[in-house]
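Here is the structure we will look at, set down as structure tokens.
This is how it looks when you write it as structure tokens:
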């Protein structure tokens with residue numbers, strides 16, 4: 001029997017041919033190591049299964065799968081923010097779809113090296129903020145420590161609560177031409193990227209489900225579980241409250257903060273949420289001050305406390321350092337942990353390994369010479385062309401290295417002379433580093449594989465059972481072919497990292513953990529700032545809806561020849577003008593154009609783009625508390641307001657279609673809120689905002705449209721604005737007349753658009769919110785609500801004249817102020833008095 | 001020299017401040033050649049929280065929290081301090097400045113006394129090439145450190161005008177340098193920026209000057225408020241030497257040290273965060289009264 005008849009052989013041939021086709025044209029760069037192809041031009045063993053699967057899928061199916069991964073990321077709302085972007089914009093997450101595959105055995109070596117390095121850095125931090133024996137013994141010059149803006153002197157002598165400075169350590173690694181992994185930089189301040197790594201994994205695992213499973217890719221959940229357990233253990237008050245401290249929505253990686261807070265079950269906090277009393281840290285919540293014992297810190301150390309650290313910080317918590325000092329709170333990573341990130345320190349780590357750990361480091365870091373030392377300085381000056389020059393500390397060197405490292409060989413004579421002078425006079429500020437060539441990995445471009453340089457970030461967490469390495473990582477892939485590590489500071493895409501273990505993977509996920517969790521129905525009191533934002537999100541969304549109803553009603557009236565149509569249009573335009581939605585100097589000739597302006601122009605304060613933008617900004621602050629679908633709906637609304645106005649075509653049709661579509665999107669949001677949100681304080685504040693806004697709008701509509709002698713036309717407009725036309729027609733056969741219309745839109749407690757309905761809902765929310773004590777006199781907002789409830793019962797519809805409506809409207813606005821006064825944080829300017837000198 | 005020091009600092013606010021936190025550095029401590037016989041500090045209104053510590057540079061630091069609404073905030077300190085004269089120094093015998101730079105960068109001391117803390121830019125002292133170039137004129141190759149620093153101090157005193165209207169507490173050194181005018185804080189910051197630009201260790205000192213001059217001598221600038229000057233490190237043998245560029249003086253028994261740091265931000269007498277307020281008004285009154293040595297045991301006023 002000949003081998004050529006064996007079907008398995010034929011299949012393998014076919015596969016091999018397909019793999020060969022996939023690899024055709026894949027050309028590693030000369031002198032650069034490639035992850036996929038070995039020195040002999042053959043694919044490395046741990047990549048073959050992935051290659052075979054891709055070959056089997058074929059180009060079209062691979063494209064389809066990758067597109068579905070992009071959609072998954074888009075739907076989850078994964079974005080990143082770009083500093084200095086004129087649009088202040090968020091960009092879609094750029095995923096490089098092919099994962100970096102790492103063989104299990106190689107990974108274990110990496111793990112060992114990283115754990116050893118984490119131990120080293122922890123030891124160095126403990127020493128430098130403690131006895132400083134490393135300095136006294138001469139192993140580390142004092143100036144390498146003192147020069148770092150992250151050597152925070154108020155933290156010297158402070159023992160970190162929980163015994164360690166580092167809870168999360170990350171290292172950026174590159175593989176050099178010699179095939180070894182090198183640490184390019186250390187991340188100890190507050191390493192970012194783990195949340196993005198998780199999102200990348202979810203997206204790719206959904207796009208290539210069988211593949212991820214059949215290759216036994218090690219799962220990430222175990223790492224996060226250990227991280228969470230390690231942090232929760234530091235909670236000494238036993239209230240289980242762990243906060244993730246973020247600088248806020250303007251931060252580049254805010255999405256990740258919100259995402260991790262949600263995933264880990266921690267409350268997302270900004271400095272403003274917190275206050276220190278008697279060296280204990282509290283969250284300001286709608287139910288009063290609640291103790292927080294542990295803060296996972298994503299705010300840079302220096303900004304944490306304006307009192308003892310950077311006095312310009314408006315993001316920190318006055319008194320936090322004193323609280324840490326007295327053991328009242330655990331902060332992870334410790335305040336000041338960024339010290340050991342300094343490039344200057346890297347010149348000393350190879351030697352410190354022996355002194356701190358009693359062993360040599362397995363994993364080398366990029367060779368570094370600190371120019372504060374004579375011999376090192378001479379060496380750097382002699383070999384400038386072979387080196388990369390960097391600021392020695394995390395502080396740019398103005399006029400020399402404004403944007404970070406420079407390549408010695410690329411310097412023009414003038415710049416070179418300036419840098420040489422700086423090295424001679426203030427060498428303490430500069431390090432020379434070996435220029436590292438990165439290895440390349442495959443990316444999928446235009447249906448084929450191409451090599452691209454990358455940097456791999458790996459995370460290590462301190463847990464109860466020692467250090468644990470996340471089995472995967474955050475891989476940044478360059479868009480260009482330049483493999484010099486220094487050119488990879490920004491841009492590029494990110495890729496998932498697959499560690500192949502050879503064992504079927506365990507199925508830990510944080511979401512389905514069973515057996516050991518106690519059941520909790522409450523997620524803890526709502527921080528006041530979150531309540532504030534929920535409330536205003538509710539108000540803005542309702543305001544958007546109101547504006548849209550006005551516009552749709554207006555546009556609908558333009559073509560109808562109904563009796564009194566002219567008067568209705570005038571009133572509607574008046575309402576829109578008073579809200580700042582359309583220009584004051586409206587030429588009455590083309591109202592449809594102006595309706596379109598109200599839908600698209602961002603220079604009008606009350607126009608839709610501004611209202612939606614305000615809603616999105618409030619939502620951004622509570623992103624961790626909104627579902628991805630809700631967030632998506634808002635993003636769609638923002639996109640709608642940005643659609644260009646066609647030059648030609650009917651403005652009227654366009655305006656009608658736009659407002660109709662936007663109303664449907666708003667309805668989708670309301671639906672999500674009513675069906676998917678837990679009936680906790682957040683939902684109550686959202687709905688409270690909506691009800692108050694709707695109540696105010698209803699009063700205004702009624703005042704504007706129902707004067708002393710309303711026409712059937714204006715009454716009909718009021719019914720339409722209050723979405724009550726159908727109800728009216730089913731109840732009354734007669735044409736619209738004043739009292740029945742007012743009864744329906746003001747007093748009918750079962751009409752969800754009626755004022756009475758809003759007031760009942762407001763009362764119910766106030767009753768259910770925390771802080772309501774039975775035996776104390778009711779607070780002002782409850783007394784006001786009770787008065788509103790009473791007026792709904794005390795009068796006939798016919799008795800609601802302009803003055804009474806005005807009074808109701810005023811009471812609703814007062815109620816809004818009372819709610820803010822009671823539950824929200826009061827934003828008054830914070831001042832720092834320190835001007836005392838002669 | 002023995003002094004009785006009284007200082008009252010009073011803020012008044014346009015609107016009541018409901019909550020305030022302050023860090024107060026207004027009590028002198030023992031230092032080389034300085035003994036604090038007695039010191040006392042009081043604060044109005046009564047703080048709810050009160051913690052006394054030493055900061056990294058050894059300055060006595062009081063952390064307070066006040067949660068009674070107040071429109072007036074007052075800190076009063078008194079102290080009796082004995083200042084001993086600096087030993088006579090031969091400026092020309094100090095090490096070459098380049099050697100001092102090398103020694104500072106190689107220091108194996110991370111304590112507050114180390115020169116290593118004072119060779120880098122700090123929150124209120126940015127290094128600026130124009131200031132460095134100007135300072136460099138006094139630092140010819142091989143020049144002894146202290147002699148060069150004294151020359152720099154004299155140049156500052158001669159070329160700059162003391163003018164309290166020219167600058168305020170937050171004026172950057174470069175701006176005062178370009179105006180060639182300012183007050184003690186600006187002069188200290190400019191001198192520090194110049195020295196550090198050359199890689200040399202320079203620290204900021206806040207303190208007091210004797211208010212009444214000895215008979216027949218002129219009254220010194222800065223005597224009616226908190227004063228500021230500079231310390232330069234001249235190698236391990238000489239250590240730190242105080243230089244007062246405002247008065248072109250080597251610091252000796254006319255100066256009482258209150259706090260030491262890298263710049264004003266490290267030693268600000270009253271720092272803090274308070275809610276609300278609006279405008280604030282500040283009054284500072286300082287008295288530094290020499291006491292005759294035989295009366296050292298006289299009751300503190």
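Residue numbers (UniProt numbering), protein chains in the order written: chain A, 1 to 838; chain B, 1 to 301.
The beta-carbon is built from N, C-alpha and C at its ideal position, and this holds for glycine as well.
### Task
Please decide whether residue 199 of chain B counts as near chain A, where near means a Cβ-Cβ distance under 8 Å.
Here residue 199 of chain B is taken as the residue at index 199 of the second chain, counted from 1. Output row for residue 199 of chain B: interface = yes.
### Neighbourhood of residue 205 of chain A by C-beta distance below 7 Å, restricted to the same chain and skipping five residues each side
On the first chain, residue 205 of chain A is found 205 positions in, with the first residue counted as 1. Around residue 205 of chain A: 212.
### Task
Could you tell me whether the Cβ atoms of residue 149 of chain B and residue 428 of chain A are closer together than 8 Å?
Stepping through the second chain from its first residue, residue 149 of chain B is reached at position 149. Stepping through the first chain from its first residue, residue 428 of chain A is reached at position 428. Result no, Cβ atoms of residue 149 of chain B and residue 428 of chain A do not sit closer than 8 Å.
### Message
Between the stretch 729 to 736 of chain A and the stretch 630 to 649 of chain A, can you find at least three pairs of beta-carbon atoms closer than 8 Å?
### Response
In short, these stretches do not touch, since the Cβ pair count stays below three.
### Query
Between the stretch 164 to 184 of chain B and chain A, which residues of the former have a C-beta closer than 8 Å to a C-beta of the latter?
The residues in question are 164, 168, 169, 170, 183, 184.
### Task
Please confirm if the stretch 151 to 170 of chain B is in contact with the stretch 238 to 252 of chain B, defined as three or more CB-CB distances below 8 Å between the two stretches.
The count of Cβ pairs closer than 8 Å, one atom from the stretch 151 to 170 of chain B and one from the stretch 238 to 252 of chain B, reaches three, so the stretches are in contact.
### residue 783 of chain A to residue 790 of chain A span [Cα, whole Å]
Reading the first chain from its first residue, position 783 is the one you call residue 783 of chain A. Reading the first chain from its first residue, position 790 is the one you call residue 790 of chain A. About 11 Å.
### Query
Taking 8 Å as the CB-CB limit, is residue 306 of chain A close to chain B?
Position 306 of the first chain, counted from the start, is the residue given in the question as residue 306 of chain A. Yes, because at least one Cβ of chain B sits closer than 8 Å to the Cβ of residue 306 of chain A.
### Query
So which of A:435, A:398, A:814, A:480 has the shortest CA-CA distance to residue 884 of chain A?
Past the edges of chain A, shown from 1 to 838, lies residue 884 of chain A, and the structure says nothing about it.
### Message
For chain B, check one thing: does any of its Cβ atoms lie closer than 8 Å to the Cβ of residue 514 of chain A?
### Response
For the purposes of this step, residue 514 of chain A is taken as residue 514 along the first chain, with counting starting at 1. Because the pLDDT at residue 514 of chain A is just 42, under 50, the model does not fix this residue reliably, and the point stays unresolved.
### Query
Going along chain B in order, which residues have a C-beta closer than 9 Å to the C-beta of residue 319 of chain A?
In the first chain, residue 319 of chain A corresponds to position 319, counting from 1. Around residue 319 of chain A, the beta-carbon contacts reaching into chain B at under 9 Å are 21, 49, 63, 65, 273.
### Best match in A:744, A:38, A:825, A:62 for proximity to residue 443 of chain A [C-alpha to C-alpha]
As a working mapping, residue 443 of chain A is identified with position 443 in the first chain. Ranked by Cα distance from residue 443 of chain A, the options A:744, A:38, A:825, A:62 are led by A:62.
### Message
Counting only Cβ pairs nearer than 9 Å, list the residues of chain B close to residue 278 of chain A.
### Response
Residue mapping note: residue 278 of chain A aligns to position 278 of the first chain, counting from 1. By Cβ distance, chain B contributes 48, 49, 65.
### Query
Are the CB atoms of residue 168 of chain A and residue 474 of chain A nearer to each other than 8 Å?
Within the first chain, numbered from 1, the residue matching residue 168 of chain A stands at position 168. Within the first chain, numbered from 1, the residue matching residue 474 of chain A stands at position 474. Taking a C-beta distance under 8 Å as the contact criterion, residue 168 of chain A and residue 474 of chain A do not qualify as a contact pair.
### Task
Give the C-beta separation of residue 12 of chain B and residue 72 of chain B to the nearest angstrom, bearing in mind that I take them to be a contact with Cβ-Cβ under 8 Å.
Within the second chain, residue 12 of chain B is the residue found at index 12, counting from 1. Within the second chain, residue 72 of chain B is the residue found at index 72, counting from 1. Indeed, because the Cβ distance is near 5 Å, the residues count as touching under 8 Å.
### Task
State the DSSP-derived secondary structure class of residue 119 of chain A, mapped to helix, strand or coil.
The residue given as residue 119 of chain A occupies position 119 in the first chain. Note: residue 119 of chain A maps to helix in three-state DSSP.
### Query
If you measure from the beta carbon of residue 119 of chain B to each beta carbon in chain A, is any gap under 8 Å?
Residue 119 of chain B sits at position 119 when you count from the first residue of the second chain. It does: the Cβ of residue 119 of chain B has a partner Cβ on chain A nearer than 8 Å.
### Message
Suppose you measure from the CA of residue 202 of chain B to the CA of residue 189 of chain B; what does that come to, to the nearest Å?
### Response
In the second chain, residue 202 of chain B corresponds to position 202, counting from 1. In the second chain, residue 189 of chain B corresponds to position 189, counting from 1. So the alpha carbons of these two residues sit roughly 10 Å apart.
### Residues of the stretch 378 to 394 of chain A with Cβ closer than 7 Å to any Cβ of chain B, in chain order
The stretch 378 to 394 of chain A vs chain B, Cβ under 7 Å: nothing.
### Cβ neighbour criterion (16 or more within 10 Å) applied to residue 50 of chain B
Here residue 50 of chain B is taken as the residue at index 50 of the second chain, counted from 1. Burial call: exposed.
### Message
Using the three-state DSSP reduction, which class does residue 643 of chain A fall into: helix, strand or coil?
### Response
For the purposes of this step, residue 643 of chain A is taken as the residue at position 643 of the first chain. The answer is coil: DSSP assigns residue 643 of chain A none of H, G, I, E or B.
### Message
Quick check: what's the CA-CA separation for residue 90 of chain B versus residue 246 of chain A?
### Response
To locate residue 90 of chain B, count along the second chain from 1; it is residue 90. To locate residue 246 of chain A, count along the first chain from 1; it is residue 246. For residue 90 of chain B and residue 246 of chain A, the distance between alpha carbons rounds to 55 Å.
### Query
Using a beta-carbon distance below 8 Å, is residue 102 of chain B in contact with chain A?
One-based indexing of the second chain puts residue 102 of chain B at position 102. At least one CB of chain A lies nearer than 8 Å to the CB of residue 102 of chain B.
### Residue burial classification, residue 40 of chain B (beta-carbon count within 10 angstroms, cutoff 16)
Residue 40 of chain B sits at position 40 when you count from the first residue of the second chain. Residue 40 of chain B is exposed by the Cβ-count criterion.
### Message
Closer than 8 Å is the cut-off here; do at least three beta carbon pairs connect the stretch 59 to 72 of chain B with the stretch 102 to 109 of chain A?
### Response
As far as the Cβ criterion goes, the stretch 59 to 72 of chain B does not touch the stretch 102 to 109 of chain A, which means the pair count is below three.
### Query
At least one CB of chain B closer than 8 Å to the CB of residue 136 of chain A: is that the case?
For the purposes of this step, residue 136 of chain A is identified with residue 136 of the first chain, where counting begins at 1. For residue 136 of chain A, the answer is yes, since a Cβ of chain B falls inside 8 Å of its Cβ.
### Query
Considering residue 459 of chain A, what are the terminal residues of the beta strand (DSSP E) in which it resides?
In the first chain, the residue the question calls residue 459 of chain A occupies position 459. Where residue 459 of chain A is concerned, the enclosing beta strand (DSSP E) starts and stops at 448 to 463.
### Task
Compare the C-beta of residue 260 of chain B against all C-beta atoms of chain A and say whether one is closer than 8 Å.
For this step, residue 260 of chain B is matched to residue 260 along the second chain. No Cβ of chain A is located within less than 8 Å of the beta carbon of residue 260 of chain B.
### Message
For the stretch 182 to 192 of chain A against the stretch 351 to 367 of chain A, do three or more pairs of beta-carbon atoms, one drawn from each stretch, fall closer than 8 Å, so that the two count as touching?
### Response
Touching, yes, given that three or more Cβ pairs across the two stretches are closer than 8 Å.
### Query
What is the DSSP secondary structure of residue 211 of chain B, reduced to helix, strand or coil?
Numbered from its first residue, the second chain carries residue 211 of chain B at position 211. In this structure, residue 211 of chain B counts as coil in the three-state DSSP scheme.
### Query
Mind checking if residue 372 of chain A is an interface residue toward chain B, Cβ cutoff 8 Å exclusive?
Position 372 of the first chain, counted from the first residue, corresponds to residue 372 of chain A. Put simply, the CB of residue 372 of chain A is near chain B, with a gap under 8 Å to one of its CB atoms.
### Query
For residue 55 of chain B and chain A, any beta-carbon pair shorter than 8 Å?
Reading the second chain from its first residue, position 55 is the one you call residue 55 of chain B. Yes, because at least one Cβ of chain A sits closer than 8 Å to the Cβ of residue 55 of chain B.
#### Entry: Cβ-based burial, residue 534 of chain A [other Cβ within 10 Å; buried from 16]
Stepping through the first chain from its first residue, residue 534 of chain A is reached at position 534. It is buried - the Cβ of residue 534 of chain A has at least 16 other Cβ atoms within 10 Å.
### Query
Would residue 607 of chain A pass as a contact of residue 598 of chain A if the rule is Cβ separation under 8 Å?
Numbered from 1 along the first chain, position 607 holds the residue referred to as residue 607 of chain A. Numbered from 1 along the first chain, position 598 holds the residue referred to as residue 598 of chain A. Yes, Cβ-Cβ distance for residue 607 of chain A and residue 598 of chain A is below 8 Å.
### Query
Expressed to the nearest angstrom, what Euclidean distance is found between the alpha-carbon atoms of residue 667 of chain A and residue 527 of chain A?
On the first chain, residue 667 of chain A is found 667 positions in, with the first residue counted as 1. On the first chain, residue 527 of chain A is found 527 positions in, with the first residue counted as 1. So the alpha carbons of these two residues sit roughly 27 Å apart.
### Task
Along the beta strand (DSSP E) that carries residue 229 of chain B, what are the first and last residues, could you check?
Here residue 229 of chain B is taken as the residue at index 229 of the second chain, counted from 1. Unbroken beta strand (DSSP E) run through residue 229 of chain B: 227 to 233.
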